[in-house]
Amino acid sequence: MLRTNQPFLDYLDSLFTHQEHKDNIVIKSYKKGEKLLTQNENSTKIMLVKSGITKCFFVEENDKEYIVEFLGKGEIIGEIEMLKNVSCLCSIEAITEVTVYSMTIPYFRSLIKSDLTLNNLLLDVFAERIVNTSSRASYQQLHTTEHTLSQLLEVKSKEMEISKEDMAAYLGITVRSLNRALKELKENEEAE
């Protein structure tokens with residue numbers, strides 16, 4: 721539900737500290753609600769979350785928002801679009817104050833050609849995303865909304881604030897269905 725990647729963050733911390741040209745990687749900050757990337761627009765940077773939490777989402781043709789994942793420290797953003805040379809597949813928005821390492825695309829491309837550690841980290845990220853996506857899809861097929869919602873509420877209470885709209889978008893349901901599920905969950909807890 722909240723993805724983080726400490727090894728990737730450690731790698732970029734080190735790279736930032738030891739970079740030769742100080743404009744290849746810079747630190748940027750985003751306020752809550754600010755977009756880091758926008759769906760269907762071109763990205764000019766590769767970013768890695770240094771601190772804070774973002775949501776990765778796309779908007780369907782019917783204007784419904786669907787949250788793919790919540791991304792925290794160490795998660796890379798914009799690399800798939802750069803590798804495939806396509807516009808942004810989804811939007812990334814800060815749901816807390818967020819600080820990122822922002823890398824130029826030419827610098828990132830040069831690292832891909834020369835840095836085995838980066839390539840291994842990227843392979844791990846891609847494999848993890850495939851596993852997470854397939855696990856989440858099968859989980860949501862096999863379990864009720866209420867069961868998935870209870871897990872989301874547990875993460876919300878420990879790690880981050882999530883609006884009802886974002887919870888519904890993550891679960892792939894309407895806010896009305898979410899309210900019904902919350903009511904049923906509360907009634908079940910009171911009955912126990």
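Following this note's numbering from start to finish, the sequence shown increments by one per residue and tops out at 912.
Where a beta carbon is used, it is the ideal one built from N, C-alpha and C, also for glycine.
Which residues bound the alpha helix (DSSP H) around residue i?
i	result
T737	726 to 738
K833	825 to 834
I800	799 to 804
For residue i, I'd like the list of residues in its chain whose CB is within less than 8 Å of its CB, leaving aside the five on either flank, ordered along the chain.
i	result
C808	L757, T758, Q759, N760, E761, N762, S763, G798, E801
K884	V895, L898, N899
L872	M721, I882, M887, Y890, L891
F828	I766, E799, M802
Does DSSP put residue i in a helix, a strand or coil?
i	result
S870	helix
T758	coil
L796	Note that residue 796 is Ile in the sequence shown, not Leu. Looking at I796 - three-state DSSP - the assignment turns out to be strand.
M887	helix
I850	helix
T764	coil
S822	strand
How is the beta strand (DSSP E) around residue i delimited, first residue to last?
i	result
E785	785 to 791
E813	811 to 814
S749	745 to 750
K775	774 to 779
K906	That residue, K906, is in no beta strand (DSSP E); its alpha helix (DSSP H) goes 895 to 911.
Measure the C-alpha to C-alpha separation of residue i and residue j and round it to an integer number of angstroms.
i	j	result
S822	E909	45 Å
E740	L836	19 Å
I850	A911	38 Å
K748	S854	32 Å
S870	A901	10 Å
S830	G753	32 Å
S771	M880	13 Å
K804	K833	16 Å
K784	K906	27 Å
G792	N840	20 Å
C810	D733	26 Å
Looking only at its chain, what residues have a beta carbon closer than 6 Å to the beta carbon of residue i, apart from the 5 residues adjacent to it on each side?
i	result
G794	T724, N725, Q726, F728, L729
I812	L756, L757, T774, C776, I797
Leaving out five residues before and five after residue i in sequence, what residues of the same chain have Cβ atoms less than 7 Å from its Cβ?
i	result
E789	R723, C776
F736	I745, Y821
Is the CB of residue i under 9 Å away from at least one CB in chain B?
i	result
K755	Protein chains in the displayed structure number just one, and chain B is not present.
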